[in-house]
Structure formats: structure tokens, C-alpha cells
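A.B. asks: Right, I'll just put the structure down here and ask away after.
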Amino acid sequence: MEVRLSHSLQGEPAAREGERLIRACVHCGFCLPACPTYQLLGDELDSPRGRIYLIKEVLEGRGGAIAREHLDRCLLCRACERACPSGVEYGRLVATTRELLTAQAARSLRDRLLRWLIRAVVPHPARLSRAVAIARRLRPLLPASLAVKLPAPPPPPAAPPHPLRSHPRRMLLLPGCAQSVLSPATHLSLARVCDRLRIEPILSPGSGCCGALFHHLGSEEAALRQIRRNIDLWWSELHAGAEALLIPASACALMVHEYPDLLASDPAYADRARRIADAVKDPADLLLSEGLSHPIIPPERAVAVHCPCTQQPGLLNALLRNLGIPLAPQSDSPACCGAAGAYALLQPKLSHQIRAQKLSALEAGAPAEILTANIGCQLHLAGGSQLRVRHWIELIDECQEQARASPGACTRGEANGHERKACPRA
């Protein structure tokens, strides 16, 4: 796609980068069937190809309210990138040109206030914890549209956690911001599973947000400040011997993988950003490569698996199958659940429609519960389903605890699928 940069943008690095990225698009249309909003709305401007054309208008100085409306509807799920034969870096294109569009089409006061409130509360665990506690007390007084978005308090643990031990191997575990407040069982379960692998989990609660929320909302300077802060915080642990960064939320892990691109022009942080990104390890990949040092008792009923857009497809399913955990069938399951960071708050109508489609597929096989690998997806799906929705590592931890408490039961041990059976006691 050819672009003629407007005279006012020719000196802007973001505009020149956007021009370079947009040239890869050849209008083929392979991205259209992969796009959730195009499938739902049927509007060419709500497809990746249509949005790329709107970005072209922004670069040519003709962006306006129409471009703003349709680009705001994008989930940034990047399903189009996997379908594109030309290798268009759509996500990077949108992120690069977002501020240029804001300069050409200012947001309404209501939209600016909502985005400010999200940035001011959600990425900060202490603030989020206070806000959620107040909202739960005031829930009967809240509008129904707001009350339904409020997650239920996490259930108390079934048994007191075992104290973690020291091990020669150490990994840095990042609880994140929203997850540390709204689903603390996730990183605590991951810590116990690591301990059973003889890996010492070093919790890093001070890091907070990975920077993704600021980045997706167009607050690039705030995102870069948070990213540099995180790198400074994690760097000392890596130098002290931590061999990897374990991030339970797949969206946060993807964001950390993008640190080198975001800091490529910063000589003080570029090398460290690459080192940090290289150290990220998916917990599912860890268990597939390490195996399980403790057996598990798989659940009797099948579970449904939602693979977030931000996770490597098939990785989680492969792990659960190897562990003997039955998976409920899904037919015609859309890729995205509609959470997409702050999308569910900013585009609630579209988000709920996409969620309804996803839940219909997830629940079709009558599963006992829904497992996922990202806190945003977990909260969003739970808001529309009667089934329990949780991170998959919590089920692994629970199955290991059941095996420990029932040594005579039939169990499955290593993650490579080899069974270990213990004879029932007489």
C-alpha cells in the first residue's frame, strides 16, 4: 500500500515507521475471516484491511472521527498477523501510529476521563485493591452494568499452603497488577508447583504492571517509564542467579517479549531489554520441559481450555493431555474472548457479543470448568458464565495436592505422559 506522508508528518519518526510498515499490505483480504470484529459486524472498516486504509489516511493527514471509531473497535488480538501471507506487522503498525491519530481526532471528555481512571487505578495493585474493596461494599448501589463487571472475592484456600523451601535453582515469579489483587491463587499455585520441581520461586510483587495497559491506551511515555522501572527491578535478580522470569499472565509475558522493540532506540536499556525478554519462560513450557516431580490425580470430568490470543497455540492443550487431564471438545471456537486488556471496559457491547460466542463454544462440551492462561480472559469469561473460570496452574496444583493426600490412588506423574500407579492400600 502506497502512502504519501502529509507535509506536517514528514519529520515524525512514528509517521516514517508507519509508512514503512504499511507498505507490506497488498490488499489480499486473507485477514478478513480471521478478524473477530469483521466477522461480527461485517463492515470492511472493522477489518484489518479497512483499518490499515484508515491508518493510511492518518499518515496522509486526513484522519478523523471515523478512523478513531473503527480503530478503537480493534481488539488487537493479532489473529490477522497469523493469517497474513505478506507478514504485515499490524499490531506494531497500530501502536506506532496511535498518537498521530489522537493528534488529528481528539477524544471526548467522557472517553478521556474513563481512560484516565483506568490508567490511574488498574496498573497499581494497592489502588486497585482499595477500589475493589470499596466497590464490593457498594455493590447493591452500583448500576447493573457496572456491578456485573465486579469479580467475586476469591474463595479461601482449601488447605493452608505448605511453606516454600530454598533450592539451588531460582526463578523470578511476577504476579503482575490485576492478577495479584483479583486472582492471587494463581501465582501462589505456580509458586508451589515450582517448589515441587525443586525450583525456588522468587516473588516480585513490587514490579506491578508490565506496561501493557499504558501501551494499549496510547500512554507511551507512561508505558516506557514502567518498563524501565521493571527492568531495573528484575535485572538485579537475574544477576543474582535467577535463571528465568515466570509470568502466569500470557498477555504480560507477550508484553515483556516486546520490550526490546520498544526500547531499541534507548542505548541505556536496549541490551538489558533483550536480556529480560530472553529470560521469559511460559509456565506451560516449563512443565513440558521439566516434567512433574510429583504425581497428580486428574479430574474425572473434562475441562474446557481457552487459549488466549497472547499464548502460543496448542501449548497448554499439549501439557494437559500429557498429564491425563480430559479436555472437553470445542467446535467452531472463535480465537478471542473479547477481553483484550481494557477493551471490555471501553467497548462493552462488542466485548460481550464476542464473549457470548466464545462461551457458547467453551460450554458446548459440558465441561466441569474453564481454564485459561491470562487474568484478563479469566475475569471476562467468568463475568458471563456460571462455570468456574480459573488459571490452569491452579488445577495442576490442586491435582498434586490431592495425590499427596491420597497416596494409594491411581496417579499420573511425569509431564511426558508416563503413568505411575500406586496400588490401593489393603
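Per our numbering, the very first residue in the sequence shown carries number 621; after that it's consecutive. Cβ atoms here follow ideal geometry from the backbone N, Cα and C, with glycine treated the same way. Since we're looking at a predicted model, the values are computed, not measured.
Flag this pair as touching only if the region 734-751 and the region 791-805 have three or more C-beta atom pairs under 8 Å; answer yes or no.
C.D. replies: The region 734-751 vs the region 791-805: in contact.
A.B. asks: For the beta strand (DSSP E) that E664 lies in, which residues bound it at each end?
C.D. replies: From DSSP, E664 is part of no beta strand (DSSP E); its letter is neither H nor E.
A.B. asks: With T930 as the anchor, note down where its alpha helix (DSSP H) starts and where it stops.
C.D. replies: Note, T930: premise wrong, no alpha helix (DSSP H); not H, not E.
A.B. asks: Where does A991 land, buried or exposed, given buried means 16+ other C-beta within 10 angstroms?
C.D. replies: The residue asked about is misnamed: residue 991 is Leu in this sequence, not Ala. It counts as buried.
A.B. asks: Taking the alpha carbon of A873 as the point to measure from, which residue in R718, D905, V678, R730 has its own alpha carbon closest?
C.D. replies: It is D905 whose Cα lies nearest to the Cα of A873.
A.B. asks: Once the 5 residues before and after K769 are set aside, which same chain residues still bring their CB inside 7 Å of it?
C.D. replies: If we look at K769 and ignore the five residues flanking it on each side, its Cβ neighbours are G1003.
A.B. asks: Exposed or buried, which one is G670 when buried takes at least 16 other CB atoms within 10 Å?
C.D. replies: Label assigned to G670: buried.
A.B. asks: Quick one: residues in its chain with C-beta nearer than 8 Å to the C-beta of I822, no 5 flanking neighbours on either side, listed in chain order?
C.D. replies: Same-chain partners within the cutoff: R790, M791, L792, L793, E857, A862.
A.B. asks: Per the contact definition of three or more C-beta pairs closer than 8 Å, is the region 711-725 in contact with the region 735-744?
C.D. replies: Too few Cβ pairs lie closer than 8 Å, so no.
A.B. asks: DSSP state of I917, grouped into three classes?
C.D. replies: Coil at I917, not helix or strand.
A.B. asks: Please confirm if the region 646-663 is in contact with the region 697-716, defined as three or more CB-CB distances below 8 Å between the two stretches.
C.D. replies: Yes: at least three Cβ pairs fall under 8 Å.
A.B. asks: Please name the residue or residues paired with E857 in a DSSP beta bridge.
C.D. replies: Answer by DSSP bridge pairing: none, since E857 is not bridged.
A.B. asks: According to DSSP, simplified to helix, strand and coil, what is R1010?
C.D. replies: Three-state DSSP puts R1010 in a strand.
A.B. asks: Once the 5 residues before and after C829 are set aside, which same chain residues still bring their CB inside 6 Å of it?
C.D. replies: Excluding sequence neighbours, C829 sits near P743, C797, Q846.
A.B. asks: Return the chain-ordered list of same chain residues with a C-beta closer than 7 Å to the C-beta of L947, the five sequence neighbours on each side being excluded.
C.D. replies: A922, V923, V925, N937, L940, R941.
A.B. asks: Just to confirm before moving on: does the CB-CB distance between P771 and L999 stay below 8 Å?
C.D. replies: Against a cut-off of 8 Å, the Cβ pair of L999 and P771 comes out as a contact.
A.B. asks: Count the other C-beta atoms from every protein chain shown that fall within 10 angstroms of the C-beta of A964, then say buried if there are 16 or more, exposed otherwise.
C.D. replies: Counting Cβ neighbours within 10 Å, A964 comes out buried, since at least 16 surround it.
A.B. asks: Report the residue ranges of all alpha helix (DSSP H) runs contained in full by the region 686-745; include only those spanning at least 4 residues, in chain order.
C.D. replies: If we require 4 residues or more, the alpha helix (DSSP H) runs fully inside the region 686-745 come out as 699-703, 710-724, 729-741.
A.B. asks: By how many angstroms is the C-alpha of A725 removed from the C-alpha of L685?
C.D. replies: Residue identity differs from the one stated: residue 685 is Ala in this sequence, not Leu. Distance between the alpha carbons of A685 and A725 is about 6 Å.
A.B. asks: Have a look at H972 and V813 and give me their C-alpha separation to the nearest angstrom.
C.D. replies: Cα to Cα, H972 sits roughly 34 Å from V813.
A.B. asks: Report back the beta-carbon spacing between P949 and C1019 to the nearest angstrom; my notes put them in contact at under 8 Å.
C.D. replies: No, P949 and C1019 are not in contact; Cβ-Cβ is about 21 Å, not under 8 Å.
A.B. asks: Assuming I990 is part of the beta strand (DSSP E), what are its boundary residues?
C.D. replies: Looking at the DSSP string, the run of the beta strand (DSSP E) that includes I990 is 989-992.
A.B. asks: Do the region 882-896 and the region 834-850 touch if we need at least three Cβ pairs shorter than 8 Å?
C.D. replies: Yes, they touch.
A.B. asks: So, helix, strand or coil for M875, using DSSP?
C.D. replies: Helix.
A.B. asks: Can you tell me which residues form a DSSP beta bridge with A924?
C.D. replies: BP columns for A924 point to I990.
A.B. asks: Among R848, Q967, C645, which one has its Cα closest to the Cα of L734?
C.D. replies: Among R848, Q967, C645, the Cα nearest to that of L734 belongs to Q967.
A.B. asks: Given that a residue counts as buried once 16 or more other Cβ atoms are within 10 Å of its Cβ, and exposed if not, what is A635?
C.D. replies: So A635 counts as buried.
A.B. asks: Evaluate D815 with the Cβ neighbour count: other Cβ atoms within 10 Å of its Cβ, from every protein chain shown; 16 or more gives buried, anything less gives exposed.
C.D. replies: Buried, by the Cβ-count rule.
A.B. asks: My understanding is that R698 touches G711, with C-beta atoms under 8 Å, so please give their C-beta distance in whole angstroms.
C.D. replies: Yes, they are in contact, since the Cβ atoms of R698 and G711 sit about 5 Å apart, within 8 Å.
A.B. asks: Is the beta carbon of A993 closer than 8 Å to that of P933?
C.D. replies: No, Cβ-Cβ distance for P933 and A993 is not below 8 Å.
A.B. asks: In whole angstroms, what is the alpha-carbon distance linking H600 and L865?
C.D. replies: With the chain covering 621 to 1046 only, the question about residue 600 has no answer from this structure.
A.B. asks: When DSSP labels each residue in this structure, what does A634 get in the three-state scheme?
C.D. replies: DSSP places A634 in helix when its eight states are reduced to three.
A.B. asks: Just mark G996 as buried or exposed, buried being the case when its beta carbon has 16 or more other beta carbons within 10 Å.
C.D. replies: With 16 or more Cβ atoms within 10 Å of its Cβ, G996 is classed as buried.
A.B. asks: On the criterion of 16 or more Cβ atoms from any shown chain inside 10 Å, does W1012 qualify as buried, or is it exposed?
C.D. replies: Burial call: buried.
A.B. asks: For P954, name the three-state secondary structure that DSSP assigns.
C.D. replies: In the structure shown, P954 sits in coil (DSSP, three-state: anything other than H, G, I, E or B).
A.B. asks: Can you give me the start and stop residues for the beta strand (DSSP E) that I867 sits inside?
C.D. replies: Element bounds for I867: n/a, residue is neither H nor E.
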